[in-house]
Ligand SMILES: Nc1nc2c(c(=O)[nH]1)N[C@H]1C(S)=C(S)[C@@H](COP(=O)(O)OP(=O)(O)OC[C@H]3O[C@@H](n4cnc5c(N)ncnc54)[C@H](O)[C@@H]3O)O[C@H]1N2
Ligand code: MOO
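Residue numbers (this note's numbering): 1 to 402.
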């Protein structure tokens, strides 16, 4: 059977993957979430003409020639304004953020003055009218639309929404992604493995990819190679309202690879299974009662590479987040043989040379079981199907992983 090209698999996976519904969160819990509705200002900022400096609120015409002397008639502090107005020959002591009293048109910084004993201030430098005053609404005005749907609530966006007096925000619901690790050989980290057992690792890396892309992880644990048990875990994912189900392992053709059978018994409609990719050929995708099902291969590197290439964009799309894979141009750091029909993703160390060009050097061992090589690599060299042999120095494309 011909293997499905990677781009086509990705397009089929993302077809219909729209941002999920919205929920309302207190603003303090909305960090890194995606806005589902515009953010409007309920408040004008600053709400009054405010001083930008510590000094004196004055009338600029009073200090056209210096030195000049003004009578200090009171104080305006942030949070406590001066009740009166400034007339000719008068000044009000003022601090940063405080309302500028009526009558004053300028703030003079205190460094350019000298306080006198008798409640007066001597002005040592002239100042242009309007200086050091932030006009009401300089930042934004009530009813302004400040942020658009789709904006990730980064630090500046959160502070802006708060400044505009939004106590709660409408955000896109986080996709809930259930993970089932399958295999009799697996035990959780920290447990004592039996003689034929290994530690389940893929679930941890996959959960991290989900979280980084704005998803919520529903870890359904390790399930042994019994079709009934896998079916029960699938049923739990549905009951618990998962949007996506990720299965790990059991996706290939061995006698104990039961995931496809279990999913089919539960009613999954298969979209594709087996793609032209290395590592990750047995990738499976289908839909089950509105749930997207992604069957990742068991080999750890295959699982994580498929996680980066397929799960990351799927979760991003459901979470309403932009997804921009960090693909760059580089030069090969070693000769490469011709490629077969599967697009290859070669673990590589990618660093700039003295001319600032990225050099991508493949790691010597590429076995899809080797997490040590994946963790050492900071990116993947992408070799298209049927690529010709290439020489060190030839241009190539890399996907940066960190
Ligand atoms: N006859 C064939 N055999 C295999 C083929 C094939 O086309 N024909 N494909 C190979 C490829 S490529 C891959 S990738 C693997 C994928 O197999 P499965 O998805 O069925 O995975 P398993 O057999 O369950 O496990 C493979 C390997 O990975 C280990 N594993 C599984 N889950 C975890 C986990 N959560 N954490 C760590 N390691 C895990 C498992 O112990 C196995 O060593 O199939 C090839 N075979
Ligand atoms: O696709 Mo498998 O992932 O080559 O090891």
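Note that CB positions come from ideal geometry on N, CA and C, so glycine has one too.
Asked                                                                                                                    : Found
Contact the region 112–124 vs the region 68–75: 3+ CB pairs below 8 Å                                                    : yes
Test item, CB below 6 Å from any non-hydrogen atom of ligand 2                                                           : 278, 279, 280, 281, 297, 299, 302, 368
Runs of beta strand (DSSP E) lying entirely within the region 231–272, each at least 3 residues, in chain order          : 244–248
Identity of the residues DSSP links to residue 209 by a beta bridge                                                      : For residue 209, which the question treats as bridged, DSSP gives no partner whatsoever.
Residue 113, buried or exposed, once every other Cβ within 10 Å from all chains shown has been counted against 16        : buried
Contact check, residue 149 vs residue 324, beta carbons under 8 Å                                                        : no
Distance between residue 228 and residue 291 (C-alpha atoms, nearest Å)                                                  : 20 Å
8 Å contact criterion, which residue 335 and residue 390 should meet: CB distance rounded                                : 7 Å
Nonlocal neighbours in the same chain, by C-beta distance under 7 Å from residue 262, ignoring five residues either side : 227, 230, 231, 234
Nearest-angstrom Cα separation, counted from residue 131 out to residue 88                                               : 17 Å
Counterpart residues of residue 323 in DSSP-defined beta bridges                                                         : Its beta-bridge partners do not exist; DSSP assigns none.
Proximity test, residue 203 beta-carbon vs ligand 1 heavy atom, cut-off 7 Å                                              : yes
Span of the beta strand (DSSP E), counted from its first residue to its last, around residue 301                         : Here residue 301 belongs to no beta strand (DSSP E); instead the alpha helix (DSSP H) covers 300–306.
Whole-Å CB distance - residue 198 paired with residue 307, under 8 Å assumed                                             : The Cβ separation is near 19 Å, so there is no contact.
Euclidean distance between Cα positions of residue 359 and residue 79                                                    : 58 Å
DSSP three-state assignment for residue 196, whether helix, strand or coil                                               : coil
Residue 171 vs residue 35 beta-carbon contact at 8 Å                                                                     : yes
Simplified DSSP assignment, three categories, for residue 144                                                            : coil
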